[in-house]
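Asker: First the structure, then my questions, so here it is.
Right, dumping it as C-alpha cells:
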C-alpha cells in the first residue's frame, strides 16, 4: 500500500505473468527506458525491471493501463531498486 497526496492509501498494482518463458505480461509499468532484442528496461510502480533474453519484442504497450506484452526467449528477470524508493541510510535504520 502507498499513500497518495491526500493521505488516502492506494494499492500498488504490479504483476508479472510468464508463459513458457516465451510470453511475458507486465502490469504497473510507468515507463519504458530502453529496449532491444536482448534487453528491455521497464520502470514499474515497484522498481526498475530488467528483462534479458534473445529475440525480445514488445507486442503491446498501453500507456493508459500501464500494461506491456513481450514475446521472445526470456532468460532472466531482475529488479533494480532505485535509491529514491529506499530512502536515506538514516531513514532505513530508524524505521
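Residue numbers (the numbering used here): 7 to 101. Where is the CB? At the ideal position from N, CA and C, for every residue including glycine. Values in this document were obtained by computation on a predicted structure and should not be read as measured data.
1) Name the two residues that bound the continuous beta strand (DSSP E) containing residue 68.
2) Given this structure, state the Cα-to-Cα distance separating residue 55 from residue 33, to the nearest angstrom.
3) Within the same chain, show all residues whose beta-carbon is closer than 8 Å to that of residue 78, passing over the 5 residues directly before and after it, in chain order.
4) Cα separation between residue 19 and residue 51?
5) For residue 34, name the three-state secondary structure that DSSP assigns.
6) So, for residue 72: in the same chain, excluding its five sequence neighbours on each side, which residues have a beta-carbon less than 7 Å away from its beta-carbon?
7) With which residues is residue 22 paired in a DSSP beta bridge?
Answerer: By the coordinates alone:
1) 54 to 68
2) 11 Å
3) 28, 43, 59, 60, 61, 62 and 63
4) 7 Å
5) Residue 34 falls in the coil class under three-state DSSP.
6) 33, 34, 35 and 36
7) 32
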